[in-house]
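Q:
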Amino acid sequence: MKALAIDCAVSKIIIAAKNDEHSVHCVYDIGMKQSETIVPAIEYVLTKADLTLQELDYLTITAGPGSFTGLRLGFAAIKAIEMTCDIPVYGISSLEAYEYAYTDLNLPVLSLIDANKDKFYARISDSNSIILEDGDYDTDFILEKVSAFEKIIIAGPDALKFKQIMIDSESKTIVLVLKNQTLPTEALFAISESKIEKKEPSMKDFDGPVYLRASEAELNLKK
Numbered sequence: 022m023k024a025l026a027i028d029c030a031v032s033k034i035i036i037a038a039k040n041d042e043h044s045v046h047c048v049y050d051i052g053m054k055q056s057e058t059i060v061p062a063i064e065y066v067l068t069k070a071d072l073t074l075q076e077l078d079y080l081t082i083t084a085g086p087g088s089f090t091g092l093r094l095g096f097a098a099i100k101a102i103e104m105t106c107d108i109p110v111y112g113i114s115s116l117e118a119y120e121y122a123y124t125d126l127n128l129p130v131l132s133l134i135d136a137n138k139d140k141f142y143a144r145i146s147d148s149n150s151i152i153l154e155d156g157d158y159d160t161d162f163i164l165e166k167v168s169a170f171e172k173i174i175i176a177g178p179d180a181l182k183f184k185q186i187m188i189d190s191e192s193k194t195i196v197l198v199l200k201n202q203t204l205p206t207e208a209l210f211a212i213s214e215s216k217i218e219k220k221e222p223s224m225k226d227f228d229g230p231v232y233l234r235a236s237e238a239e240l241n242l243k244k
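Take the sequence shown: its letters are residues 22 to 244, numbered as in my numbering.
(1) Does the Cβ of leucine 153 have 16 or more other Cβ atoms within 10 Å, making it buried, or fewer, making it exposed?
(2) Enumerated in chain order, which unbroken segments of the beta strand (DSSP E) with a length of 3 residues or greater are wholly contained in the stretch 124-179?
(3) Using the three-state DSSP reduction, which class does aspartate 189 fall into: helix, strand or coil?
(4) Taking the continuous beta strand (DSSP E) assigned at valine 48, which residues delimit it?
(5) Based on the DSSP output, what are the partners of glycine 112 in its beta bridges?
(6) For leucine 181, which three-state DSSP category applies?
(7) Round the Cβ separation of aspartate 157 and lysine 182 to the nearest angstrom and send it over; I've been treating them as touching at under 8 Å.
(8) Which residue marks the beginning of the beta strand (DSSP E) containing leucine 197, and which one marks its end?
(9) In the DSSP output, which residue or residues are listed as bridge partners for asparagine 40?
(10) Give every residue of the same chain whose Cβ lies closer than 8 Å to the Cβ of serine 274, excluding the five residues on either side of it in the sequence, and list them in chain order.
(11) Does the beta-carbon distance from alanine 62 to leucine 204 come in below 9 Å?
(12) If distances are taken between C-alpha atoms only, which option among Val130, Asp71, Phe227, Thr68 comes closest to isoleucine 195?
(13) When we look at the beta-carbon of valine 167 and count the other beta-carbons within 10 Å, is it buried (16 or more) or exposed?
(14) Just mark lysine 243 as buried or exposed, buried being the case when its beta carbon has 16 or more other beta carbons within 10 Å.
(15) Between the Cα of lysine 225 and the Cα atoms of Asp125, Ile108, Asn40, which residue gives the shortest distance?
(16) Among Thr68, Asp50, Tyr49, which residue has its Cα nearest to the Cα of histidine 43?
(17) Could you tell me the boundaries of the alpha helix (DSSP H) in which phenylalanine 89 lies?
(18) In terms of alpha-carbon separation, which member of Leu25, Leu80, Glu207, Ala122 lies closest to proline 222?
This is the structure:
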């Protein structure tokens, strides 16, 4: 199948185009300049994959949790393409995308993103069963949940940071963090095509990012 994927859940934005068995991935970690780069980046990966927007079978994106700014930027771009070209969009949990490569290893997987203020967006799964739903959790709460396991894989952009937290807390759980984590855009393609095969519906026009925490602007309005 032919598709475009955007991972915009953290400060880095990853954009990928898939042309059947071949794919092109680009990683951008350039802060505020990402808003100026995302459209040219989409054009670049499509050109390198020898694709046009009109040829795409579907679009896929990390739907959150994650960075408020990053998610808004990614969704603005993907929704514009959806509306212009009438291409279905599949929104995938960011944490599900980060854990995907490790779900067949018969070990529990903790997938997480640093949410700051001693909190993480986190999820725990084991053999495709969700043990801890996607949420915005205190570090101590996650440590308590992890203590139930003898061994656990940690995935996601902040896996090493949480591993160090576990070491500092003298956790008895054995922690595995793979040095070369796969690009989440590969997971977005795989999960989306599984949904298509199962005839699961794509996102509705009004569906948007999943924000598990109010933005700073929203918090200020409540003061």
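We put the CB at the ideal spot given by N, CA and C, even for glycine.
A: Reading from the atomic positions:
(1) buried
(2) 130-137, 140-147, 150-159, 172-176
(3) helix
(4) 43-49
(5) Ile82
(6) helix
(7) Their Cβ separation, rounded to whole angstroms, is 16 Å, which puts aspartate 157 and lysine 182 out of contact at 8 Å.
(8) 195-197
(9) Lys23, His43
(10) Since the first residue shown for the chain is 22 and the last is 244, residue 274 is missing from the structure and cannot be characterised.
(11) no
(12) Val130
(13) buried
(14) Residue confidence for lysine 243 is low, a pLDDT of 47 falling below 50, so the modelled location carries little weight; the figure read from the coordinates is stated next. It counts as exposed.
(15) Ile108
(16) Thr68
(17) 89-106
(18) Leu80
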